[in-house]
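Note that the sequence shown ends on residue 895 in my numbering; no numbers are left out.
Glycine residues also receive a C-beta, built at the ideal position from the N, C-alpha and C atoms.
Single-structure report; data block below.
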Amino acid sequence: MRIRSWATMAFLVTMIALGVVVAAPTAATAGAPTELVIADSMSGANFQTYWQKNVIPAIKQSLGVTIRYLVTSDAEQIQKTKAWKPGQGDSHIIFAKSIATWVTSGVPLETLTAANVPNSAKIDPSFLKSNEGVDLQSKALLYWRTSYALIHNSQYIKIPPKSWKEFYDRRAEFKGHIGLIRADAKSSAAWRQRLVFLHAFLKEKMAMPMAQLEKDPAFQDAWNKLKDFTKYAKLPLPSEPVNLFEDYNSGDTWISLYAQDYALWSARQGTMPPTIRATYPEEGADEIGTGYFAVPANIPQEYKEVAFKVLNYLLSDDQQIRLITTMWQYPGTDITDQVPAIAWEMVPKLDVLVKTAVPRERIRKDMIDYIKDHAKELTP
Numbered sequence: 516m517r518i519r520s521w522a523t524m525a526f527l528v529t530m531i532a533l534g535v536v537v538a539a540p541t542a543a544t545a546g547a548p549t550e551l552v553i554a555d556s557m558s559g560a561n562f563q564t565y566w567q568k569n570v571i572p573a574i575k576q577s578l579g580v581t582i583r584y585l586v587t588s589d590a591e592q593i594q595k596t597k598a599w600k601p602g603q604g605d606s607h608i609i610f611a612k613s614i615a616t617w618v619t620s621g622v623p624l625e626t627l628t629a630a631n632v633p634n635s636a637k638i639d640p641s642f643l644k645s646n647e648g649v650d651l652q653s654k655a656l657l658y659w660r661t662s663y664a665l666i667h668n669s670q671y672i673k674i675p676p677k678s679w680k681e682f683y684d685r686r687a688e689f690k691g692h693i694g695l696i697r698a699d700a701k702s703s704a705a706w707r708q709r710l711v712f713l714h715a716f717l718k719e720k721m722a723m724p725m726a727q728l729e730k731d732p733a734f735q736d737a738w739n740k741l742k743d744f745t746k747y748a749k750l751p752l753p754s755e756p757v758n759l760f761e762d763y764n765s766g767d768t769w770i771s772l773y774a775q776d777y778a779l780w781s782a783r784q785g786t787m788p789p790t791i792r793a794t795y796p797e798e799g800a801d802e803i804g805t806g807y808f809a810v811p812a813n814i815p816q817e818y819k820e821v822a823f824k825v826l827n828y829l830l831s832d833d834q835q836i837r838l839i840t841t842m843w844q845y846p847g848t849d850i851t852d853q854v855p856a857i858a859w860e861m862v863p864k865l866d867v868l869v870k871t872a873v874p875r876e877r878i879r880k881d882m883i884d885y886i887k888d889h890a891k892e893l894t895p
């Protein structure tokens, strides 16, 4: 190991004298590529910042690999990847918005198992089997899990509601301070906030065809509750998430269903109040969101080997713990017992999310379309 400065040498000598074992940074294999491209179609502004400020420097320091970071979309990247000839691909790791779309696209992808990415053995096999109802065929590895949650400002709400039914019953207590984005907004929160509310009162009936469900008395009762609940929101309803955040900062909004990771990250960045906390209602806050990696098969073989090492590093205990302590994303690997206890003061434990999450099959397009088509009914 080459010592690059007297300060570094002094540090190493001190550590050795104290009996501390000091490991040299893992160097890239001689002759192997030292630069990879990660094509990211998944990350929002918060996670793009995390990649550039935290993850990429850590990969460089630990593996000696420089990462070129490309923000793209699934459609664009799939089109490019399909045009590659074998051995000529130039994007080496895909962080996909929809891994199911990639697997069914016809793009050749590498098989990823514990044989080439050892830390993948720590991933719950059910997440490796399928996603969005698509058999993943061992072509993808889970990186993180996340969800929407009930985001509340603990400065104003000391005891948040434990269920949607309790939230509805206590609506007068929060009148004028409930954050609901307009039902005709572009953000998915526009339909998501309403869908999970309806699910709390309907549950199993959510599996009924929409044409049948809308005639059911239980649905009509839940829909009327939703319209009534909306009257207790902060008015006028914000048109986009940025307006919702502004309402939190002004103290006008105290509680809302929104993305847990983005809200808590924003609180740490100073763009939302530092007293923001997250809870999951008993009937569910949302489905479990997932982020997956894939490696295109039409890249040079020497790049595949380095890509496997990078993925293994991203699934290491250190990097997985950083996901929740820095970004409030649940680890993709089974290491929640290693997460510092202070993290659970900010977010519910993963088992709470797993128990309460809305089943993916109940997040239905026909229900989403129904909410969008009846947006006027949900706008006081």
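Fewer than three beta-carbon pairs drawn from the segment 562–576 and the segment 616–624 are found closer than 8 Å, and the two stretches are therefore not classed as touching. Excluding five sequence positions before and after M721, the CB atoms of its chain that fall closer than 6 Å to its own CB belong to H714 and R877, given in chain order.
In the DSSP assignment, D555 falls outside any alpha helix (DSSP H) and within the unbroken beta strand (DSSP E) covering E550 to D555.
Nearest to N634 by C-alpha distance, out of D849, P855 and W859, is D849. For A611, the uninterrupted beta strand (DSSP E) run begins and ends at I608 to A611, by DSSP.
Only exposed fits K870, as fewer than 16 other CB atoms lie within 10 angstroms of its CB. A distance below 6 Å between beta-carbons, with the five flanking residues on each side excluded, links T616 to the following residues of its chain, in chain order: D589. For Y663, the closest of Y777, G785 and A560 by C-alpha to C-alpha distance is Y777.
Membership of F712 in the alpha helix (DSSP H) is indicated by the continuous run A704 to L717. Taken atom to atom, the span from the alpha-carbon of G785 to that of Y565 is near 16 Å.
Below 8 Å, too few C-beta pairs join the segment 642–655 and the segment 736–754 to call them touching: fewer than three.
By the criterion of a C-beta distance shorter than 7 Å, L728 is surrounded in its chain by K720 and F734, once the five residues flanking it on both sides are discounted.
In the same chain as Y584, and ignoring 5 residues on each side of it, the C-beta atoms closer than 7 Å to its own belong to I553, D555, W566, Q567 and I571, in chain order. Counting along the chain, S771 sits inside no alpha helix (DSSP H); it lies in the beta strand (DSSP E) bounded by residues I770 to A774.
One thing to note: A698 has its Cβ within 8 Å of the Cβ of I886.
In the displayed model, D767 falls within coil according to three-state DSSP, outside both helix and strand. C-alpha of Q592 to C-alpha of I814: approximately 14 Å in a straight line. Per DSSP, the beta bridge partners of H667 are I770 and R792.
Counting the other Cβ atoms within 10 Å of the Cβ of K654 gives 16 or more, which makes it buried. The DSSP-derived three-state label of N813 is coil. Take T549, set aside five residues on each side of it, and the residues of its chain with a beta-carbon closer than 7 Å to its own are A543, G579, V580 and T581, in chain order. Between G847 and W659, the gap from beta carbon to beta carbon is short of 8 Å. Bounds of any beta strand (DSSP E) do not take in L643; it lies within the alpha helix (DSSP H) bounded by P640 to K644. For T840, no pairing in a beta bridge is given by DSSP.
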